[in-house]
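Peer 1: When we follow our numbering, the leftmost residue of the sequence shown carries the number 106, and every step to the right adds one. Idealized CB from N, CA, C, for every residue including glycine.
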Amino acid sequence: MKKAARHLQVFYIKMVHVTCLAHVLHRVAEDIRSHFPVVDDLVANVKKIFRKSPHRLQIFKTLEPDLALPPEPILTRWGTWISAAIYYCEHFESIKHVVESFDSNDSVAIKKAQDVLKSQTLQANLIYIKSNFECLPTAIKQLQEQKLSLFDSIKITETISGIVKKLQGQHSDSIKTKLDSVLNSNTGYKMICKISKILSGEEESMTNLGLPEDMTLDDFSYFKYAPITSTDVERSFSKYKNLVTDNRRSLKLDNIRKSMIVQCNF
106 MKKAARHLQV
116 FYIKMVHVTC
126 LAHVLHRVAE
136 DIRSHFPVVD
146 DLVANVKKIF
156 RKSPHRLQIF
166 KTLEPDLALP
176 PEPILTRWGT
186 WISAAIYYCE
196 HFESIKHVVE
206 SFDSNDSVAI
216 KKAQDVLKSQ
226 TLQANLIYIK
236 SNFECLPTAI
246 KQLQEQKLSL
256 FDSIKITETI
266 SGIVKKLQGQ
276 HSDSIKTKLD
286 SVLNSNTGYK
296 MICKISKILS
306 GEEESMTNLG
316 LPEDMTLDDF
326 SYFKYAPITS
336 TDVERSFSKY
346 KNLVTDNRRS
356 LKLDNIRKSM
366 IVQCNF
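(1) In terms of residue numbering, what span does the alpha helix (DSSP H) encompassing P242 cover?
(2) What's the gap between the Cα of L189 and the Cα of V148?
(3) Tell me where the alpha helix (DSSP H) around K283 begins and ends.
(4) Give me the Cα-Cα distance between P332 and I280, rounded to the nearest whole angstrom.
(5) Any idea what DSSP makes of Y233, helix, strand or coil?
(6) Would K399 and N150 qualify as a contact pair, given that the criterion is a beta-carbon distance under 9 Å?
(7) Got a sec? Which residues, its chain only, sit under 8 Å from V143 by beta carbon, not counting five neighbours each side?
(8) Can you check whether the CB of G315 is closer than 9 Å to the CB of H122?
(9) Below 8 Å, how does it come out for the segment 292–308 and the segment 270–279: are there three or more Cβ pairs, yes or no?
(10) With H, G and I counted as helix, E and B as strand and the rest as coil, what does DSSP make of W186?
(11) In the structure shown, what three-state DSSP assignment does L130 receive?
(12) Count the other CB atoms, across all protein chains shown, that sit within 10 Å of the CB of V287; report buried if there are 16 or more and exposed otherwise.
(13) Using alpha carbons as the reference points, say which of I164, I154, K346 and S335 lies closest to Q251.
(14) Does the beta-carbon distance from I200 to S209 come in below 9 Å?
(15) For I154, which of E177, N237, L172 and K246 has the nearest alpha-carbon?
(16) Kindly indicate which residue of V204, D145 and S139 has the alpha-carbon position closest to the one of L162.
(17) How far does the alpha helix (DSSP H) with A413 in it extend, from its first residue to its last?
(18) How many Å lie between L172 and I164 at the Cα?
(19) I'd like to check one pair, K235 with E198: are the Cβ atoms closer than 9 Å?
(20) Put W142 into one of helix, strand or coil per three-state DSSP.
(21) Are the CB atoms of I137 and L241 within a distance shorter than 9 Å?
(22) For T262, count neighbouring Cβ atoms within 10 angstroms of its own Cβ and tell me buried if that reaches 16, exposed if not.
(23) Along the chain, where does the alpha helix (DSSP H) containing D92 start, and where does it finish?
(24) What do you reckon, are the CB atoms on V269 and V129 nearer than 9 Å?
See below:
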């Protein structure tokens, strides 16, 4: 993407390329996941227990009728693993009760999940994740909202950065380094932060900010609602995908127009 952006800047000289901030936070969440293999084993094996098993799902609903089913985190969806870990922290005893009610000989996943639940470090890890990283899925969700101002988007990112810098524990240095690395490599983010300070009134002088010289004063006003995530683009891909599928062979132009109106507005 960075290489493509550099080539595009030849034609759009005032363009500022920012790596998707929601994806940046997701990369931090992935680094967090790598430090807690016991929790990862729990999430993965409990997910397997209930996959394509109506009988076990019925047992779960019978034993815990008021509890939602365990989440199924998808690695390509931002922040879902952290959300799953928080779920297990909040409902640990209930999940343990259900999993231990199954016969360990029925499935390898059941046996592994029961063994993981006996781990001495599991509960402490779940507590650490919930108390320190519950803000990550929330921040990712907020960044995906439409019509979010540049100031608000950057404020969300800076709030997460401040929380991560205050982390304690054996894994804190690695997580801090990961966040610093992805933000420092995002050169467009540094520039967009400077523009945001001008728009919000935090910075009253335009000197020594390192901004593009070819930008006029009027250009800066257009950055007020500049997107710093790629979620809107990805949403459009999903909508266009419905129209260009192989089974659509006789879709007329007028129907395409009507379909796009429905998908983009409702």
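Peer 2: Put simply:
(1) C240 to L248
(2) In the sequence as displayed, the identity of residue 189 is Ala instead of Leu. So the alpha carbons of these two residues sit roughly 7 Å apart.
(3) S277 to N289
(4) 26 Å
(5) helix
(6) Residue 399 lies beyond the residue range present for the chain, which begins at 106 and ends at 371; the question has no answer from this structure.
(7) V221, S224, T226, L227 and N230
(8) no
(9) no
(10) helix
(11) helix
(12) buried
(13) S335
(14) no
(15) E177
(16) V204
(17) The question about residue 413 has no answer here: the residues shown for the chain are numbered 106 through 371.
(18) 12 Å
(19) no
(20) The sequence shown places Pro at residue 142, not Trp. Here P142 sits in helix by DSSP.
(21) yes
(22) buried
(23) An answer regarding residue 92 cannot be provided, because it is not within the stretch 106 to 371 covered by the chain.
(24) no
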